[in-house]
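See below for the structure under consideration.
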Amino acid sequence: MASYVVPIFLLLAVLAGCGALGGHGPMQEINPPAPTAFDRAQVRRGQVLASLGDCSSCHTTRNGPPYAGGVPVPTPFGTIYGTNITPEPQTGIGRWSEAAFRRALREGIARNGSHLYPAFPYDHFTHLTDDDIAALYAFVMTRDPVQAKPPPNRLMFPLQFRPLVAGWNMLYLHEGPVTQPSSQNAELSRGAYLVDALAHCGACHSPRNALGAEQKDAYLAGGEAEGWHATALNPKSPSPVPWTVEALTAYLQSGMVADHAITAGPMEDVVHNLSHADPADLRAMAEYIVSRMGPPDGERQAREAAARKKAAQDSLATVQPSSPAPPTDEEALALGGVVYANSCAECHDLGRQFSSDTALRLPLAIALHLPDPRNLIHIIRHGIQPPEGQPGRWMPPFEGSLTDQQLAALVVWLRRQGTDAPPWKDVLKTVKDTGDAP
Amino acid sequence: MIVLNLNGRQQVVDADASTPLLYVLRDDLQLNGAKFGCGLGQCGACTVMVGGTAVLSCITPLSVVGTRPVKTVEGLGSADKPGVLQSAFIAEQAAQCGYCIAGMMMRAQALLEKNPNPSDADIRQHMSINLCRCGTHMRILRAVRRAADSIKSASTEHPNAQRGA
Numbered sequence: 001m002a003s004y005v006v007p008i009f010l011l012l013a014v015l016a017g018c019g020a021l022g023g024h025g026p027m028q029e030i031n032p033p034a035p036t037a038f039d040r041a042q043v044r045r046g047q048v049l050a051s052l053g054d055c056s057s058c059h060t061t062r063n064g065p066p067y068a069g070g071v072p073v074p075t076p077f078g079t080i081y082g083t084n085i086t087p088e089p090q091t092g093i094g095r096w097s098e099a100a101f102r103r104a105l106r107e108g109i110a111r112n113g114s115h116l117y118p119a120f121p122y123d124h125f126t127h128l129t130d131d132d133i134a135a136l137y138a139f140v141m142t143r144d145p146v147q148a149k150p151p152p153n154r155l156m157f158p159l160q161f162r163p164l165v166a167g168w169n170m171l172y173l174h175e176g177p178v179t180q181p182s183s184q185n186a187e188l189s190r191g192a193y194l195v196d197a198l199a200h201c202g203a204c205h206s207p208r209n210a211l212g213a214e215q216k217d218a219y220l221a222g223g224e225a226e227g228w229h230a231t232a233l234n235p236k237s238p239s240p241v242p243w244t245v246e247a248l249t250a251y252l253q254s255g256m257v258a259d260h261a262i263t264a265g266p267m268e269d270v271v272h273n274l275s276h277a278d279p280a281d282l283r284a285m286a287e288y289i290v291s292r293m294g295p296p297d298g299e300r301q302a303r304e305a306a307a308r309k310k311a312a313q314d315s316l317a318t319v320q321p322s323s324p325a326p327p328t329d330e331e332a333l334a335l336g337g338v339v340y341a342n343s344c345a346e347c348h349d350l351g352r353q354f355s356s357d358t359a360l361r362l363p364l365a366i367a368l369h370l371p372d373p374r375n376l377i378h379i380i381r382h383g384i385q386p387p388e389g390q391p392g393r394w395m396p397p398f399e400g401s402l403t404d405q406q407l408a409a410l411v412v413w414l415r416r417q418g419t420d421a422p423p424w425k426d427v428l429k430t431v432k433d434t435g436d437a438p
Numbered sequence: 439m440i441v442l443n444l445n446g447r448q449q450v451v452d453a454d455a456s457t458p459l460l461y462v463l464r465d466d467l468q469l470n471g472a473k474f475g476c477g478l479g480q481c482g483a484c485t486v487m488v489g490g491t492a493v494l495s496c497i498t499p500l501s502v503v504g505t506r507p508v509k510t511v512e513g514l515g516s517a518d519k520p521g522v523l524q525s526a527f528i529a530e531q532a533a534q535c536g537y538c539i540a541g542m543m544m545r546a547q548a549l550l551e552k553n554p555n556p557s558d559a560d561i562r563q564h565m566s567i568n569l570c571r572c573g574t575h576m577r578i579l580r581a582v583r584r585a586a587d588s589i590k591s592a593s594t595e596h597p598n599a600q601r602g603a
């Protein structure tokens with residue numbers, strides 16, 4: 001926390017210097033428009049856009065009424081709760097005009113003139129076109145109105161004071177259309193718009209600075225999402241098998257693709273939403289992201305070859321690691337090997353049972369190649385389950401079955417057997433620290 | 439030979455360390471409460487407690503159990519002297535075919551030992567991993583609620599009474 005205190009004073013100073021407190025008055029209240037006031041085709045278009053924008057992840061609680069808010073969004077500055085965006089007049093946005101809605105998306109200002117927190121990704125939505133904003137407005141204003149007030153935010157001092165966000169906006173809010181990729185083609189340009197504006201991929205997949213703003217010089221270089229590492233989507237992509245447009249389109253559409261990964265964690269909701277989007281749009285997004293990753297260089301090609309060679313072996317246990325084991329890891333590696341053999345190999349090694357070759361070959365698993373072991377730990381602990389009522393691949397949760405020591409040892413062993421990357425540091429500590437996470 | 443700490447007693451088992459706990463319980467020790475459902479950790483019929491946590495015993499090999507205490511439904515009570523959860527399941531007639539019930543009880547037991555005063559939402563969330571194909575979920579939830587409430591009223595009447603079944 002201490003590391004944030006200095007920048008917050010800096011923010012205050014910036015704010016004091018610019019004196020930019022004013023300028024945002026309340027917008028006139030309207031009577032909630034009847035659902036029939038909107039064109040049905042526009043509402044449908046708004047629905048698809050809301051899926052691409054992943055609105056429900058923050059505005060709909062699990063099993064809760066759609067868009068009625070209340071989802072806790074953890075940030076380094078405290079917990080912010082998603083607001084009620086149903087057209088209910090008191091607790092929702094029923095009295096917001098389209099102009100007020102547009103201002104909220106473009107400038108992060110609520111109808112009453114107060115600042116919204118940038119956990120709401122208006123730094124991305126600011127790039128949305130008028131047409132798309134109108135369609136999103138038509139969609140949310142035709143939802144069932146729900147009376148629901150989210151719990152109060154729990155933020156560190158002095159961030160309860162919303163005008164501070166004005167300083168943040170001066171520094172980090174850049175209005176106007178998205179920056180287009182240099183090579184002009186319609187699909188790439190559509191992909192850039194969807195990824196950078198509506199789907200706001202950078203909100204999780206870019207690192208953030210001490211003030212919680214995305215680092216523009218490290219765009220899509222990997223970030224944080226609710227205790228998970230959000231992988232880099234630039235040339236630093238950790239996937240041992242370089243992404244192709246086809247593979248990434250399939251992943252965005254279905255959440256699983258051979259030789260890469262199955263979605264887990266916060267990305268699971270994202271993919272569930274994306275599955276409602278137009279396949280052509282998903283392809284455009286994949287096209288743009290793959291273009292940002294660039295053609296695989298020698299290092300990535302070598303990593304793919306090494307991973308495929310390891311994955312071709314019947315058992316991960318027979319892989320010969322490329323470097324000698326650090327003496328401090330010997331004990332963990334011995335235990336990890338036993339845990340793998342008795343708990344994991346049945347599905348992840350070949351030839352153990354009929355379903356053995358359907359589980360992901362672990363040297364290809366992205367979770368093994370990340371900068372830290374949190375995603376792998378979450379997956380082993382909680383398994384992978386498709387969202388309720390959805391078909392999907394499945395892995396059982398090993399929570400409780402494995403002790404912290406056994407889980408840490410397994411993670412150390414998987415990293416060594418499955419990759420040529422250096423061992424992760426402090427794995428046991430990470431296991432313990434993530435123990436209470438959902 | 440492997441020594442298990444099972445329902446409060448030391449139990450010697452002659453089995454390979456890679457054997458799933460469920461197989462040892464059912465095949466070697468004739469403790470047939472825990473059921474083989476899917477064998478893939480997907481249904482929860484095999485749920486027992488290890489080290490105070492509900493685990494899927496079909497995917498838990500002996501080698502990872504170690505000296506942690508194992509509790510099965512047989513450790514909650516007997517037909518003559520049913521434990522709190524067992525009595526609550528009987529009172530609510532929560533079983534139809536009954537195949538999932540031992541697993542349900544052990545998952546519920548793990549919850550009540552950690553949180554003797556769960557909300558209905560806590561119970562739903564905690565039990566969600568265990569499946570019942572007959573569809574008696576509502577009765578099962580009521581039974582867990584009843585057990586939690588009876589533990590609570592027992593501890594208010596007798597503050598020193600032991601919690602749990």
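As given, the protein sequences belong to chains A and B, one line each in that order.
Mapping to my numbering: the first sequence position 108 is 108, numbers consecutive.
Throughout, my numbering is defined as the position within the second sequence, counted from one, plus 438.
Glycine included, each C-beta is placed from N, C-alpha and C at the ideal position.
All values derive from a computational prediction rather than experimental measurement.
Interface residues of chain B facing residue i [CB-CB closer than 9 Å]
| i | result |
| --- | --- |
| V339/A | P499, S501 and V502 |
Residue environment, residue i, which counts as buried when at least 16 other CB atoms sit within 10 Å
| i | result |
| --- | --- |
| E299/A | exposed |
| F157/A | exposed |
| G446/B | exposed |
| N169/A | buried |
| N568/B | buried |
| G25/A | exposed |
| M542/B | buried |
| S239/A | buried |
| F161/A | exposed |
| E448/A | Outside the shown range of chain A, which is 1 to 438, sits residue 448/A, and nothing can be said about it. |
Closest by C-alpha distance to residue i, when choosing among the options
| i | options | result |
| --- | --- | --- |
| K432/A | A134/A, Q405/A, K425/A and P422/A | Q405/A |
| P151/A | G227/A, A138/A, P72/A and M267/A | P72/A |
| M256/A | P326/A, Q385/A and P295/A | Q385/A |
| A317/A | D297/A, P296/A and V339/A | V339/A |
| T231/A | G70/A, C204/A and L248/A | C204/A |
| V511/B | S501/B, S566/B and L523/B | L523/B |
| R283/A | L171/A, S254/A and D314/A | S254/A |
| T60/A | Y219/A, I380/A, Q90/A and D269/A | D269/A |
| I377/A | G435/A, Q301/A, A218/A and K309/A | G435/A |
| V241/A | P235/A, Y251/A and D259/A | D259/A |
| L478/B | P499/B, Q468/B and A586/B | P499/B |
| E331/A | S323/A, H229/A, W413/A and G418/A | W413/A |
| E304/A | H369/A, P387/A, Y219/A and P87/A | H369/A |
| D558/B | G573/B, R577/B, C572/B and R571/B | R577/B |
Per-residue contacts from residue i into chain A (C-beta, under 8 Å)
| i | result |
| --- | --- |
| A492/B | G400 |
| S456/B | A341 and N342 |
| V488/B | G400 and S401 |
Rounded separation between residue i and residue j - CA only
| i | j | result |
| --- | --- | --- |
| G294/A | W243/A | 10 Å |
| A437/A | G227/A | Summary for A437/A: the model assigns pLDDT 45, below 50, so the residue's position carries little reliability, and this model does not support an answer. |
| T83/A | V195/A | 23 Å |
| A533/B | T263/A | 36 Å |
| L159/A | S114/A | 13 Å |
| P145/A | P32/A | 10 Å |
| G515/B | G521/B | 5 Å |
| A16/A | A166/A | Any answer about A16/A is weak, because its pLDDT of 44 lies below 50 and its placement is not dependable; what the coordinates show is given next. When rounded, the distance between both Cα atoms is 10 Å. |
| A540/B | N470/B | 9 Å |
| R374/A | V411/A | 10 Å |
| C496/B | A345/A | 14 Å |
| A592/B | V582/B | 15 Å |
| Q390/A | S275/A | 11 Å |
| I589/B | A148/A | 34 Å |
| Y537/B | G482/B | 10 Å |
| D455/A | Y461/B | No answer is possible for residue 455/A: it lies beyond the span of chain A, which begins at 1 and ends at 438. |
| P76/A | A119/A | 11 Å |
Within chain B, the residues that residue i reaches when beta carbons sit closer than 8 Å
| i | result |
| --- | --- |
| P396/A | L478, G479, Q480, L494 and I497 |
| S343/A | I497, T498, P499 and V502 |
For the segment 171-258 of chain A, list the beta strand (DSSP E) runs that are entirely contained and at least 3 residues long, ordered along the chain. 223-225 and 228-230
Residues of the segment 399-420 of chain A with a CB closer than 8 Å to any CB of chain C: list them in chain order, please. No chain C appears in this structure, whose protein chains are A and B.
At 3 residues or longer, what runs of the beta strand (DSSP E) sit wholly inside the segment 472-545 of chain B? 485-488 and 491-494
In chain order, what are the residue ranges of uninterrupted beta strand (DSSP E) at least 3 long that sit wholly in the segment 16-91 of chain A? 72-75 and 78-81
For the segment 91-127 of chain A, which segments carrying the alpha helix (DSSP H) assignment without a break, of at least 4 residues, lie completely within its bounds, in sequence order? 98-107 and 122-125
Runs of alpha helix (DSSP H) lying entirely within the segment 330-364 of chain A, each at least 4 residues, in chain order: 330-339 and 345-348
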